[in-house]
Amino acid sequence: MTDSLDPARTQLVKDLVARHQDQPGGLLPLLHAVQEALGHVPAAAVPLVAQGLNLSRAEVHGVVTYYHFFRSEAPGRQVVQVCRAESCQACGAEALLAHAEKVLGCKAHETRADGAVTLEPVYCLGLCAMSPAIMVGDKLHARMTPGKLDRLAAQMELGA
Amino acid sequence: MSTIKLYVPRDAAALAVGADEVAAALQAECAQRGLAVEIVRNGSRGLFWLEPLVEVATAAGRIAYGPVAPEDVPALLDAGLLQGGAHALSQGPTEQIPFLAKQERLTFKRMGVTDPLSLADYEAHEGWVGLRRAATMEAAAVVQEVLGSGLRGRGGAAFPTGIKWKTVLGVTAAQKYVVCNADEGDSGTYSDRMTMEGDPFMLIEGMAIAGLAVGATRGFIYIRSEYPHAIATMNEAIARATAAGFLGDNVCGSGMAFRLEVRKAAGSYVCGEETAMLESIEGKRGIVRAKPPLPAIEGLFGQPTVINNVISFASVPIILARGAQFYKDHGMGRSTGTLPFQLAGNILHGGLVEKAFGVTLRELLYDFGGGSASGRPIKAVQVGGPLGTYVPESQWDIPIDYEAYAAVGAVVGHGGLVVHDDTADMAQLARYAMEFCAIESCGKCTPCRIGSTRGVEVIDRITRNQNRPQQVQLLRDLCDTMVNGSLCAMGGMTPFPVLSALNHYPADFGLAAPNQKAA
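Chains A and B, in that order, give the protein sequences. Mapping of the first sequence onto the numbering used here: residues 135 to 294, in sequence order. Mapping of the second sequence onto the numbering used here: residues 120 to 638, in sequence order.
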């Protein structure tokens with residue numbers, strides 16, 4: 135297995151499993167907890183989760199890959215999400231996403247080769263009265279313009 | 120000098136344009152000047168073009184300033200902000216701003232007025248009156264009150280809430296559930312988010328009333344992962360309401376238990392469909408269930424379950440507090456009460472407008488919204504989310520109610536209005552609707568899973584003019600199959616935006632405009 139967990143992270147996942155294994159419908163809360171702790175849900179965590187919740191590995195894998203929010207791969211050090219739902223489209227979101235690809239140096243859905251940043255389209259951040267909107271890490275930004283995006287990118291310390 | 124109260128919203132949309140920075144600047148500048156102020160982090164009034172909207176409490180009521188940037192703070196204080204002094208950013212008394220003054224705020228009457236997490240504030244503004252009354256009533260009488268109000272599901276399907284509750288009440292089971300669908304994934308909608316961030320106790324009260332009414336002791340609120348602020352605020356509000364006895368083993372002294380728990384969704388649009396949501400809460404992939412059985416009979420974990428949208432539950436406290444007739448006196452026909460409309464997209468004054476049914480789209484777009492943000496003519500308005508139709512100008516004068524919209528093949532949905540100006544390419548928006556369906560389809564039924572991908576391809580051929588007339592017919596056939604053959608609204612309604620774009624804006628598809636036909 136390419137993506138093995140070190141003993142500390144294995145223990146961490148086991149502790150989280152123990153916390154959620156008796157919760158009705160506990161798989162999603164558990165996966166959220168794993169992703170919050172590790173930044174993603176590594177493939178090596180899937181058997182631990184499956185065993186703890188008495189599910190098959192296929193069932194757990196199915197849930198991890200079904201939901202857009204769960205990542206199987208570690209994201210870049212910064213995650214930039216650009217909303218491309220209708221309201222933001224009506225205010226230039228497509229051009230903003232293209233601009234983001236250029237400024238950040240990576241395509242949508244991808245992580246830059248140096249691991250500095252991941253760019254993701256997202257479907258609605260709920261700021262539709264102030265479109266277009268983006269989220270950088272856990273911080274929201276509304277009424278975005280290419281110029282504002284340039285300034286944000288400059289602050290992100292993405293390196294060369 | 121006594122302490123002066125300032126209000127700076129904590130709503131996520133206000134934060135997204137710098138409300139935290141404005142609050143910090145106010146705090147620092149006032150401290151430096153030796154001015155005693157208390158900064159309340161309220162919800163948003165819903166006048167988003169003015170955010171961050173700073174308010175000051177004066178003897179003459181609250182005075183609004185906006186949109187305020189941190190660098191405006193010294194000049195505002197110089198101009199006498201704390202006394203409501205004149206300044207270029209002054210909007211005058213908040214309640215008299217026309218956008219707000221012309222509304223009929225029933226559900227959103229506390230929005231932006233109170234501190235969302237203050238139990239005392241909530242109580243001082245008619246909070247818990249409905250729950251306290253429900254706690255003294257027979258369950259059937261509570262259901263009757265909701266039934267009598269005519270309240271219909273605000274999530275989009277518009278099914279009578281009271282009938283749902285009556286069904287669950289009538290089923291005997293050891294465990295029943297109340298589930299709130301807060302997976303507000305529709306672009307152009309944010310009233311659920313505002314409610315959870317700006318008046319969370321109202322949702323808790325509505326759900327607790329539902330619990331008493333149907334005999335359910337456990338409730339879940341399924342909230343989108345894209346709404347971290349709403350999740351945090353709801354969790355805190357639940358903890359406070361439980362500590363104060365409004366939730367827990369003995370709700371308001373009724374002798375009945377009701378416990379609430381937040382469940383975080385994971386970015387799947389189709390989980391806004393009620394049965395997919397139940398699967399998700401149970402820890403599975405969000406695959407749509409076939410109905411019957413209805414969730415009211417066999418819902419969460421196979422038990423009888425009331426499922427309503429945030430705004431449906433949030434409408435219940437005032438119905439119990441003031442009676443079914445009060446609520447029913449608003450609205451028209453079988454669409455009683457009010458709906459929080461959400462102005463979004465290319466609109467000058469974007470924000471939340473709560474009005475009784477019967478208002479027209481034109482009033483909302485121009486009297487409230489002030490026209491497009493770009494200043495260009497408005498071309499199309501998508502009403503009711505990504506699965507709603509594009510409504511052309513010829514239909515903007517129809518008084519909005521569920522039946523009137525259904526009569527022209529449109530939907531009111533969750534009340535979101537996304538405005539597009541004349542630069543919009545309706546063929547591209549139709550393609551996007553199909554693309555979105557392909558991305559978000561749960562994959563259970565073929566018309567949705569395959570039809571959406573074929574739809575993208577067909578629209579591409581139409582716009583490239585490959586056998587255009589034949590491909591247009593093919594698109595119509597495909598849409599017919601999706602509408603009639605899909606298991607849920609995802610595949611079943613994706614054709615709504617597609618066909619409305621094709622029918623009302625044929626030129627964008629390279630087709631000759633038909634002779635002026637009615638609607």
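Idealized CB from N, CA, C, for every residue including glycine. Only a predicted model underlies this, so the values are computations on that prediction, with no experimental measurement involved.
Rounded straight-line distance, which links the Cα of residue j to that of residue i
| i | j | result |
| --- | --- | --- |
| GLY180 (chain B) | GLU401 (chain B) | 48 Å |
| VAL591 (chain B) | ALA632 (chain B) | 14 Å |
| SER206 (chain A) | ARG343 (chain B) | 20 Å |
| ILE437 (chain B) | ALA376 (chain B) | 22 Å |
| GLU193 (chain A) | LEU161 (chain A) | 10 Å |
| ASP486 (chain B) | ALA301 (chain B) | 30 Å |
| PRO423 (chain B) | ILE416 (chain B) | 5 Å |
| LEU618 (chain B) | SER306 (chain B) | 19 Å |
| THR455 (chain B) | GLN157 (chain A) | 40 Å |
| ALA360 (chain B) | MET321 (chain B) | 11 Å |
| ALA184 (chain A) | LYS403 (chain B) | 13 Å |
| GLY364 (chain B) | THR226 (chain B) | 23 Å |
| ILE158 (chain B) | PRO171 (chain B) | 14 Å |
| TYR346 (chain B) | GLN589 (chain B) | 44 Å |
| SER373 (chain B) | TRP247 (chain B) | 13 Å |
| ALA475 (chain B) | HIS449 (chain B) | 6 Å |
| LEU250 (chain B) | THR352 (chain B) | 21 Å |
Neighbour flag for residue i against chain A, beta carbons, 8 Å
| i | result |
| --- | --- |
| VAL136 (chain B) | yes |
| GLU303 (chain B) | yes |
| PRO614 (chain B) | no |
| PHE476 (chain B) | no |
| PRO505 (chain B) | yes |
| SER571 (chain B) | no |
| GLN461 (chain B) | yes |
| ASN586 (chain B) | no |
| VAL537 (chain B) | yes |
| ALA638 (chain B) | Bear in mind that a pLDDT of 41 at ALA638 (chain B), under 50, signals an unreliable position, so the number given afterwards is only what the model happens to contain. Closer than 8 Å: no. |
DSSP state of residue i mapped onto helix, strand, coil
| i | result |
| --- | --- |
| ILE216 (chain B) | coil |
| GLN215 (chain A) | strand |
| ARG312 (chain B) | helix |
| ASP540 (chain B) | strand |
| SER209 (chain B) | strand |
| GLY330 (chain B) | helix |
| LEU618 (chain B) | helix |
| THR177 (chain B) | strand |
| PRO86 (chain A) | A query on residue 86 (chain A) cannot be resolved here, the shown segment of chain A reaching from 135 to 294 and no further. |
| GLY231 (chain B) | coil |
Below-8 Å beta-carbon distance, residue i vs any chain B residue
| i | result |
| --- | --- |
| SER221 (chain A) | yes |
| ALA287 (chain A) | no |
| THR136 (chain A) | Legend: pLDDT at THR136 (chain A) = 49, less than 50; position of this residue unreliable, value from coordinates given subsequently. No - not a single Cβ of chain B is within 8 Å of the one on THR136 (chain A). |
| ARG277 (chain A) | yes |
| MET290 (chain A) | no |
| GLN212 (chain A) | no |
| ASP156 (chain A) | no |
| LEU161 (chain A) | yes |
| LEU274 (chain A) | yes |
| GLY196 (chain A) | yes |
Neighbourhood of residue i by C-beta distance below 8 Å, restricted to the same chain and skipping five residues each side
| i | result |
| --- | --- |
| VAL389 (chain B) | ALA395, GLY405, VAL407, GLU559, SER560, CYS561, CYS607, MET609 |
| LEU419 (chain B) | TYR296, VAL298, PHE339, LEU397, ILE400, GLU401 |
Proximity test, Cβ basis, 8 Å: residue i and chain E
| i | result |
| --- | --- |
| GLU345 (chain B) | Checking the listed chains, one finds no chain E in this structure; the protein chains it contains are A and B. |
Cutoff 7 Å; reference residue i; Cβ partners in own chain excluding five residues on either side
| i | result |
| --- | --- |
| SER190 (chain A) | ALA184 |
| GLN202 (chain B) | THR177 |
| PHE555 (chain B) | PRO505 |
| PHE167 (chain B) | ALA132, GLY469, GLY470 |
| ASN465 (chain B) | SER491, ALA492, SER493, VAL538, HIS539, ASP540 |
| GLU393 (chain B) | ASN300, PRO414, ILE426 |
Neighbourhood of residue i by C-beta distance below 6 Å, restricted to the same chain and skipping five residues each side
| i | result |
| --- | --- |
| VAL192 (chain B) | ALA144, LEU145, GLU148 |
| ALA546 (chain B) | THR582, ASP627, PHE628 |
| ALA219 (chain A) | TYR257, CYS258 |
| ASN354 (chain B) | VAL381 |
| ASP541 (chain B) | ARG495, PRO496, LYS498 |
| VAL213 (chain A) | THR252 |
Near the ligand ADP: residue i beta-carbon under 7 Å from a heavy atom
| i | result |
| --- | --- |
| GLU235 (chain A) | With respect to the ligand ADP, the structure shown offers nothing to examine, as it has no ligands at all. |
| Any alpha helix (DSSP H) of 4 or more consecutive residues that is wholly inside the stretch 242–303 of chain B | 248–254, 258–268, 280–288
| request: Tell me the start and end of each unbroken alpha helix (DSSP H) in the stretch 120–173 of chain B that is at least 4 residues and wholly inside, in chain order. | output: Listed in chain order, the complete alpha helix (DSSP H) runs (minimum 4 residues) inside the stretch 120–173 of chain B are 131–134, 138–151.
| Whole beta strand (DSSP E) runs in the stretch 455–502 of chain B with 3 or more residues, listed along the chain? | 457–464, 470–475, 497–502
| request: Could you pull out every unbroken alpha helix (DSSP H) segment of at least 4 residues lying fully inside the stretch 428–456 of chain B, listed in chain order? | output: Note on the stretch 428–456 of chain B: whole alpha helix (DSSP H) runs with a minimum of 4 residues are 429–441, 443–447, in chain order.
| task | Please go through the stretch 329–404 of chain B and give each complete beta strand (DSSP E) segment of 3 or more residues, from N-terminal end onward. | result | Complete beta strand (DSSP E) runs here, min 3: 337–342, 378–383.
| field | Segments of 3+ residues assigned as beta strand (DSSP E) that fall wholly inside the stretch 549–581 of chain B | value | Within the stretch 549–581 of chain B, complete beta strand (DSSP E) segments of at least 3 residues are not found at all.
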